[in-house]
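Asker: Residue 1 is where the sequence shown starts when you use this note's numbering, and the numbers rise one by one after that.
Every residue, glycine too, gets a C-beta built ideally from N, C-alpha and C.
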Amino acid sequence: MDLSTAMRTDMCATLTAADIGRTVTLCGWVSRRREHGEHLAFIDLRDRTGLIQCVVPGNRDLRSEFVVQMTGTVRPRPEGTVNADLATGEVEVDVSQIEILAEAEPPPFPLDERSDVDETIRLRHRYVDLRRDRLQHNLRTRAAVNSAIRTAMEAEDFVEVETPMLIASTPEGARDFVVPSRKEPGSFYALPQSPQLFKQLCMVGGIDRYYQIARCLRDEDLRADRQFEFMQLDAEMSFVEQDDVFRVISKAVADATEAVTGERPLEFPRITWLEAQERFGSDKPDTRFGMELVELTPIFEGTEARVFQAACVKGIRMPGGVEALSRNQIDGLVETCQRWGAKGLAWMKVAAGESGPTLEAGVAKFLSAQEAGSVIEALEAEPGDMVFLVADERRMVRHVLGLLRLELGRPPVNEGGRNFLWVVDFPLFEALGDNGMPVPAHHPFTMPHPDDMEKLDAGGEALLDIRSQAYDLVLNGWELGSGSIRIHRPEIQARIFELLGIGTEEAQAKFGFLLDAFRFGAPPHGGFAFGIDRLTALLVGETNIREVIAFPKTQSGADPLTNAPSPIDQAHLDDLGLRVLPPAT
Ligand code: ASP
């Protein structure tokens with residue numbers, strides 16, 4: 001690609017031995033300077049492609065991060081000075097002319113990749129931070145992900161539709177960011193938590209296949225994998241069943257993965273939510289490693305051992321755990337499991353007995369010989385393994401052992417391959433709220449599973465067993481995104497609102513426009529959305545999504561660069577009809 005401009009002939013890191021003898025003009029930043037005697041300096045010149053060594057005569061005052069234009073001749077590096085680690089390591093530029101385009105103060109932190117710089121300082125000077133290889137690489141990867149996704153969606157005839165930012169609320173379960181209206185003081189727009197309602201309106205509008213790389217805003221507590229604003233590939237399709245959505249989304253994700261890693265994920269296996277919970281103790285299982293949860297409840301039916309007299313007993317086996325874990329670490333794990341909500345964590349060591357493996361230490365003395373034998377058999381335990389058992393309510397057992405499994409076995413983010421997984425048949429409701437009303441697991445427009453329709457009348461705890469046509473896409477234990485087949489029939493929607501305790505008036509006030517639209521002929525439809533930030537982070541091996549966002553906020557939601565959020569002046573407040581109260585004490 002020809003990237004020459006009026007000011008330069010070449011990019012720094014594209015020069016190779018084939019350019020020897022050419023006169024080139026380069027532009028960039030002074031990355032590193034090494035003096036060579038009094039009259040010669042080696043300068044590493046950097047642009048977005050990388051570095052090239054320039055040999056500069058005289059003692060021009062060229063300091064770090066000065067912006068310069070250099071003209072000179074490409075020549076081979078002297079024998080013994082070739083740098084195999086650098087793309088341009090065979091050549092250097094013998095500079096004859098230098099122009100300083102802009103001087104620079106010393107950078108606020110070293111730009112090499114080894115220095116560990118405080119994040120607030122990096123974000124305060126993000127424009128300097130962006131010059132680092134890591135961010136250059138991450139942002140280019142992100143652009144490649146977006147581009148591959150667009151190409152994939154367009155190849156499937158999806159139409160890109162832009163939906164508004166100033167809207168009424170979207171029910172994704174987080175708090176809205178709101179924008180005061182000047183024309184109607186006292187009224188507010190919400191910023192979209194997702195384009196959910198608009199994409200459903202697009203389906204009523206006959207768009208048939210919609211997509212958008214959409215900005216979503218949610219006022220939630222931030223963590224390493226969350227920002228107030230984030231990007232999603234958002235899609236919706238008409239006249240489809242789940243499989244149609246899976247096919248299109250799997251392809252877009254596979255294309256993006258292949259575009260940036262060169263490896264195409266071939267399999268997107270499926271697991272039901274229930275199976276995921278039973279085997280991995282999670283609705284987003286990391287299937288890169290085993291250590292699955294094994295059902296032990298029948299073994300302990302009628303047991304004498306008090307610790308195992310519970311509704312559910314499950315166990316996991318840590319191969320070689322006896323060697324790997326110290327007594328202190330085991331005690332730490334017990335405490336951690338209690339913090340996660342378990343009454344306790346039963347552990348035992350597997351030793352070599354005369355006639356096969358036996359259990360010892362920990363709670364081993366409470367088990368009958370038959371129970372011990374059955375546990376060993378069920379867990380396929382070998383001498384040297386540690387086994388961990390939790391006995392409690394079923395949900396608690398899964399939850400705690402699921403977390404313990406990750407704690408003991410989860411590989412680092414960029415090891416163990418890429419295991420994509422569709423988790424299907426999510427429950428329709430996630431819990432019963434304090435008022436006894438069920439809380440939706442996805443949003444309230446999710447279609448119940450066709451086989452569970454009549455259970456909608458069950459009431460109470462039994463509601464929690466109703467499956468929905470909601471699904472998640474998971475990669476190595478990270479939830480990439482969610483979707484569902486939607487309710488398109490007003491009477492089913494009315495029934496769900498009723499169950500959720502959303503009265504007719506409230507439903508009309510909140511989602512009246514969608515319900516109205518459905519009266520005018522809504523096609524069956526379904527869709528999906530997944531996080532671009534998270535996918536990109538996983539593909540480049542970053543655990544923190546801030547590393548793949550050009551201008552992120554800190555964990556407390558502030559932007560040290562622009563100082564947002566910040567107060568606005570009184571006149572502006574008056575215009576909006578707002579009065580700011582002193583902070584509550
Ligand atoms: N709007 C949903 C979300 O942002 C995704 C979907 O159901 O399509 O999680």
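Applying the criterion that 16 or more other CB atoms from any shown protein chain within 10 Å of the CB defines a buried residue, is T446 buried or exposed?
Answerer: For the purposes of this step, residue 446 is taken as the residue at position 446 of the sequence shown. T446 is buried by the Cβ-count criterion.
Asker: Nearer than 6 Å: is that true of the beta carbon of F445 relative to any heavy atom of the ligand ASP?
Answerer: Reading the sequence shown from its first residue, position 445 is the one you call residue 445. No; taking the cut-off as 6 Å, the Cβ of F445 has no heavy atom of the ligand ASP nearer than that.
Asker: When the Cα atoms are used, what is the spatial distance from H125 to L561?
Answerer: As a position in the sequence shown, residue 125 is number 125, starting the count at 1. As a position in the sequence shown, residue 561 is number 561, starting the count at 1. Whole-angstrom Cα-Cα distance: 6 Å.
Asker: Under 7 Å Cβ to Cβ from A152, same chain only, skipping five residues before and after it: list those, please.
Answerer: As a first step, residue 152 is located in the sequence shown; it is residue number 152 there, counting from the start. Here the set comprises K251, A252, D255.
Asker: Do W422 and F239 count as a contact pair if the criterion is CB distance below 7 Å?
Answerer: The residue given as residue 239 occupies position 239 in the sequence shown. The residue given as residue 422 occupies position 422 in the sequence shown. The answer is no: Cβ separation not under 7 Å.
Asker: Between the Cα of P427 and the Cα atoms of D244, P265, D451, which residue gives the shortest distance?
Answerer: Numbered from its first residue, the sequence shown carries residue 427 at position 427. Comparing Cα positions, the closest option is D451.
Asker: Shortest alpha-carbon distance to K365 belongs to which of L45, H572, G531, V350?
Answerer: For this step, residue 365 is matched to residue 365 along the sequence shown. Taking only the C-alpha atoms, the option nearest K365 is V350.
Asker: Give the DSSP-derived three-state secondary structure of T336 in the structure shown.
Answerer: Taking the first residue of the sequence shown as position 1, residue 336 is located at position 336. T336: helix per DSSP, three-state reduction.
Asker: May I have a chain-ordered list of the alpha helix (DSSP H) segments no shorter than 4 residues that lie completely inside the stretch 484-566?
Answerer: Fully enclosed alpha helix (DSSP H) runs of 4 or longer: 490-499, 504-518, 532-540.
Asker: Under the three-state reduction of DSSP, which class applies to G50: helix, strand or coil?
Answerer: Locating residue 50 in the sequence shown gives position 50, counting from the first residue. Correct three-state label for G50: strand.
Asker: Contact check, A104 vs F66 under 8 Å by CB: the rounded distance?
Answerer: Numbered from its first residue, the sequence shown carries residue 104 at position 104. Numbered from its first residue, the sequence shown carries residue 66 at position 66. Confirmed, about 5 Å.
Asker: Taking one C-beta from the stretch 257-272 and one from the stretch 498-507 each time, how about it: are there three or more such pairs within less than 8 Å?
Answerer: No: the two stretches stay apart, fewer than three of their Cβ pairs being nearer than 8 Å.
Asker: Going straight from the alpha carbon of M574 to that of F177, what length do you get?
Answerer: Within the sequence shown, numbered from 1, the residue matching residue 574 stands at position 574. Within the sequence shown, numbered from 1, the residue matching residue 177 stands at position 177. One detail in the question is off: residue 574 reads as Asp in this sequence, not Met. Rounded to the nearest angstrom, the two C-alpha atoms are 20 Å apart.
Asker: Considering only heavy atoms of the ligand ASP, does any lie closer than 6 Å to the CB of A168?
Answerer: Counted from its first residue, the sequence shown places residue 168 at position 168. Answer for A168: no, Cβ out of range of the ligand ASP.
Asker: Starting from Q370, trace the alpha helix (DSSP H) in both directions and tell me its first and last residue.
Answerer: By one-based count along the sequence shown, residue 370 stands at place 370. Segment 369-379, the alpha helix (DSSP H) holding Q370.
Asker: Can you tell me whether Q97 sits near the ligand ASP, meaning its C-beta is under 6 Å from at least one heavy atom of the ligand?
Answerer: Position 97 of the sequence shown, counted from the start, is the residue given in the question as residue 97. No, since every heavy atom of the ligand ASP falls outside the 6 Å radius drawn around the Cβ of Q97.
Asker: Let's see if you can read the secondary structure: which residues bound the beta strand (DSSP E) around F177?
Answerer: Along the sequence shown, read from residue 1 onward, the residue named residue 177 stands at position 177. Counting along the chain, F177 falls outside any beta strand (DSSP E), and DSSP gives it neither H nor E.
Asker: May I ask you to report which of helix, strand or coil DSSP gives G315?
Answerer: If you number the sequence shown from 1, residue 315 lands on position 315. G315: strand per DSSP, three-state reduction.
Asker: Between S96 and the rest of its own chain, which residues show a CB-CB distance below 7 Å, the 5 nearest in sequence each way excluded?
Answerer: If you number the sequence shown from 1, residue 96 lands on position 96. Here the set comprises T71, G72.
Asker: So, using beta-carbon positions, are V82 and E90 closer together than 7 Å?
Answerer: Here the question's residue 82 lines up with position 82 in the sequence shown. Here the question's residue 90 lines up with position 90 in the sequence shown. Result yes, Cβ atoms of V82 and E90 sit closer than 7 Å.
Asker: From which residue to which residue does the alpha helix (DSSP H) around M591 run?
Answerer: Outside the shown range of the chain, which is 1 to 585, sits residue 591, and nothing can be said about it.
Asker: Could you say if the stretch 503-523 and the stretch 227-235 meet the contact criterion of at least three C-beta pairs nearer than 8 Å?
Answerer: Cβ pair count under 8 Å is below three, so no.
Asker: The ligand ASP heavy atoms versus the CB of P196: any closer than 6 Å?
Answerer: If you number the sequence shown from 1, residue 196 lands on position 196. Checking the sequence, you will find Gln at residue 196 rather than Pro. Yes, the Cβ of Q196 comes within 6 Å of a heavy atom of the ligand ASP.
Asker: Less than 6 Å separating the Cβ of G315 from some heavy atom of the ligand ASP?
Answerer: Within the sequence shown, the letter at position 315 stands for residue 315. Result no, Cβ not under 6 Å from the ligand ASP.
Asker: Below 6 Å, is the gap between the Cβ of F528 and the nearest heavy atom of the ligand ASP?
Answerer: The count along the sequence shown starts at 1 and reaches residue 528 at position 528. Yes, Cβ of F528 sits closer than 6 Å to a heavy atom of the ligand ASP.
Asker: Along the beta strand (DSSP E) that carries V424, what are the first and last residues, could you check?
Answerer: Taking the first residue of the sequence shown as 1, we reach residue 424 at position 424. Taken as a continuous stretch (DSSP letters only), the beta strand (DSSP E) holding V424 covers 420-424.
Asker: Grouping DSSP H, G and I as helix and E and B as strand, with all else coil, what is R63?
Answerer: As a working note, residue 63 is residue 63 in the sequence shown. R63 falls in the coil class under three-state DSSP.
Asker: Run through DSSP, which three-state label would S4 get?
Answerer: Here the question's residue 4 lines up with position 4 in the sequence shown. Looking at S4 - three-state DSSP - the assignment turns out to be coil, as it is neither helix nor strand.
Asker: Ignoring anything shorter than 4 residues, give me the alpha helix (DSSP H) runs that lie fully in the stretch 378-422, in order along the chain.
Answerer: With a minimum length of 4 residues, the continuous alpha helix (DSSP H) runs that stay inside the stretch 378-422 are 394-409.
Asker: Would you call the stretch 542-550 in contact with the stretch 107-116, where contact means no fewer than 3 C-beta pairs closer than 8 Å?
Answerer: Touching, no, given that fewer than three Cβ pairs across the two stretches are closer than 8 Å.
Asker: Do R317 and A381 have their C-beta atoms within less than 7 Å of each other?
Answerer: For this step, residue 317 is matched to residue 317 along the sequence shown. For this step, residue 381 is matched to residue 381 along the sequence shown. Taking 7 Å as the Cβ cut-off, R317 and A381 qualify as a contacting pair.
Asker: How is S482 classed by DSSP in three states: helix, strand or coil?
Answerer: Here residue 482 corresponds to residue number 482 of the sequence shown, with the count starting at 1. The answer is strand: DSSP assigns S482 an E or B state.
Asker: Would you tell me roughly how many angstroms separate the C-alpha atoms of F511 and Y210, rounded to the nearest one?
Answerer: Your numbering for residue 511 matches position 511 in the sequence shown. Your numbering for residue 210 matches position 210 in the sequence shown. Those two C-alpha atoms are separated by around 20 Å.
Asker: Which residue marks the beginning of the beta strand (DSSP E) containing Y233, and which one marks its end?
Answerer: Here residue 233 corresponds to residue number 233 of the sequence shown, with the count starting at 1. Looking at the sequence provided, one finds Leu at residue 233 rather than Tyr. Note, L233: beta strand (DSSP E), 229-238.
Asker: Closest to P524 by CA distance: which of V245, R395, M11, A342 is it?
Answerer: As a position in the sequence shown, residue 524 is number 524, starting the count at 1. Comparing Cα-Cα distances from P524 to each of V245, R395, M11, A342, the minimum goes to V245.
Asker: Using the rule of at least 16 other Cβ atoms within 10 Å of the residue's Cβ for burial, across every protein chain shown, is M386 buried or exposed?
Answerer: By 1-based counting over the sequence shown, the position of residue 386 is 386. Looking at its Cβ environment, which holds 16 or more other Cβ atoms inside 10 Å, M386 is buried.
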